[in-house]
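All remarks here apply to the structure that follows.
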Amino acid sequence: MSLLNSAYTLYNRKLLKELDLSSRDPVPFQEATLRHLLSHGANTLFGETYKMAEIEDIRAFQERIPLHDYDMLEPYIKQSLKGIENVLWDMPVYWFALSSGTSSARSKFIPINRENLNSCHYKGMLTMLSNYVRTFPKSRLFMGKSLTLGGNRHIDKSVDSNCCFGDLSAFLIINTPLIARFFTTPGKKMGLIPDFEYKIEKVSRLISGQNLVSFSGVPSWNLILMRKVLEQSGKKNLHELWPNMELFMHGGVCFEPYRVHYKELFPSKNMHYMETYNASEGF
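Just so you know, we're using our numbering here: the sequence shown kicks off at 503 and counts up by one.
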């Protein structure tokens with residue numbers, strides 16, 4: 503294991519320990535999550551509606567709070583969109599991620615705040631990468647650039663709060679920790695280009711000259727980009743362009759229909775594929 507890999511694994515040893523313990527005995531972790539949700543939810547409009555402060559265990563939680571679908575939560579979310587605080591959570595909500603709307607014909611607005619990004623989405627990514635490096639100790643993941651092909655964000659001018667909404671990936675790009683920016687591409691400005699075709703053109707030309715070692719995102723979006731890069735490069739496959747490429751972290755849709763296409767682009771046996779189950783609601 504390289505010095506960088508060892509340092510990264512050591513730095514994230516607590517995350518790996520939590521991962522191992524939770525996989526063997528998940529109940530204590532679920533109970534701790536419930537206590538966290540109750541303590542922060544008690545002083546919200548939602549918590550006061552269901553007297554959350556009086557709930558002490560899982561049975562009381564199940565009896566007191568009914569299952570909610572998006573339609574039941576939407577009135578609360580609309581209040582948050584207007585800038586009203588302490589509606590569903592006791593911390594400020596800065597952004598709203600637009601989901602793909604799999605449960606209905608319309609997109610859903612998912613409240614996102616800084617705690618959610620740090621303790622859920624970024625923590626999930628760190629845990630995933632730490633486990634990958636532990637599994638493949640000879641990985642060269644930190645010897646080059648990692649690509650994230652994200653979406654875009656919008657400023658909602660229709661409400662008083664002037665809130666931001668858009669793809670979750672856009673908010674992750676905007677708030678990328680400073681140290682991580684040394685290992686990621688493209689930069690924030692290019693990553694948030696709203697026109698998808700123009701973004702593909704710009705990003706493809708940028709990454710063609712970089713030492714790419716991994717990429718992540720939705721298989722369909724990335725397949726368009728990778729085919730564009732292959733076309734521009736004139737190479738037989740993309741491992742000729744990026745000999746150190748080793749990992750594609752994918753999610754959002756079933757990967758199987760895309761696997762054969764990616765194997766054509768990256769024929770090396772050293773190419774790994776890691777499916778992640780991240781969503782706008784959480785990692």
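We put the beta carbon where it would ideally sit given N, CA and C, even for glycine. Please read these numbers as outputs of a predicted model, since none were measured by experiment.
Beta-carbon separation of residue i and residue j under 8 Å?
i	j	result
H774	L740	no
N713	K647	yes
P705	P688	Note that residue 705 corresponds to Val in the displayed sequence, not to Pro. Taking 8 Å as the Cβ cut-off, V705 and P688 qualify as a contacting pair.
H570	F785	no
V715	L767	no
A672	G652	yes
N791	L694	The question about residue 791 has no answer, for the chain in this structure spans 503 to 785.
L583	C666	no
I702	K690	no
L743	S718	no
L708	M692	yes
L521	I560	no
F563	V589	no
G668	N780	no
M593	N746	no
For the alpha helix (DSSP H) that residue i lies in, which residues bound it at each end?
i	result
F531	529–543
F548	547–551
Y690	The residue asked about is misnamed: residue 690 is Lys in this sequence, not Tyr. K690 -> alpha helix (DSSP H) spans 690–693.
P577	572–583
A562	560–566
L505	505–513
E703	698–709
N633	625–637
L740	740–743
K765	758–767
At what residues does the beta strand (DSSP E) containing residue i begin and finish?
i	result
E777	774–777
G719	714–719
H752	749–752
With residue i and residue j assumed to form a contact (beta carbons below 8 Å), what rounded beta-carbon distance in angstroms separates them?
i	j	result
N620	W591	Actually they do not touch by this definition, with Cβ atoms about 14 Å apart.
V635	N507	5 Å
F598	P613	6 Å
L670	S782	5 Å
I579	F611	5 Å
T650	T686	6 Å
Given 7 Å as the limit, tell me if residue i has its C-beta closer than that to any heavy atom belonging to the ligand NAP.
i	result
T686	Looking at this structure, you won't find the ligand NAP or any other ligand, since it has none at all.
Per DSSP, which one or two residues make a beta bridge with residue i?
i	result
A599	I612, G668
S648	T686, S716
A781	G784
Quick test of the definition: if touching needs 3 or more C-beta pairs under 8 Å, does the segment 612–630 touch the segment 774–783?
yes
Review point. Just checking, does the segment 521–541 make contact with the segment 555–575 on the three C-beta pairs under 8 Å criterion?
Key: yes
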